[in-house]
Amino acid sequence: MPKMKRNAGAKKRFSLTGTGKIRRKHAYKSHILTKKSKKRKRNLGYYGEVDKADQKNVKLMLSMK
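Numbering (the working numbering), first residue to last: -17 to 47.
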């Protein structure tokens, strides 16, 4: 039987923390930055955590379950 392939897009977008949580980047940080405040751009640069409702789907895409 062939190996399970993990989703290549998810592989690039998500990473695991040491405690097993899934990290993600924020959206809206790539262009049209002139109208956004410094505080907003700074906070978009930090990593966020995947919501509990989406964790199951992300883990399936990363072939963790």
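Here a beta-carbon is modelled for each residue, glycine too, at the ideal position from N, C-alpha and C.
Practice prompt. Would you identify the three-state DSSP class for Arg(-12), choosing helix, strand or coil?
Written response: It is coil, neither helix nor strand.
Discussion item. Quick test of your reading: Leu26 and Arg(-12), contact by CB under 8 Å. State the CB separation rounded to the nearest angstrom.
Written reply: Contact between Leu26 and Arg(-12) does not hold, since their C-beta atoms are separated by about 27 Å, which reaches or exceeds 8 Å.
Worksheet item: How long is the line joining the alpha carbons of Asn39 and His8, rounded to whole angstroms?
Response: Straight-line Cα distance between these residues: approximately 18 Å.
Worksheet item: Can you give the beta carbon distance from Arg6 to Tyr29, rounded, assuming they're within the 8 Å contact cut?
Response: Sure, about 7 Å apart at Cβ, within 8 Å.
Discussion item. I need the straight-line Cα distance from Lys3 to Glu31, nearest angstrom please.
Written reply: Those two C-alpha atoms are separated by around 7 Å.
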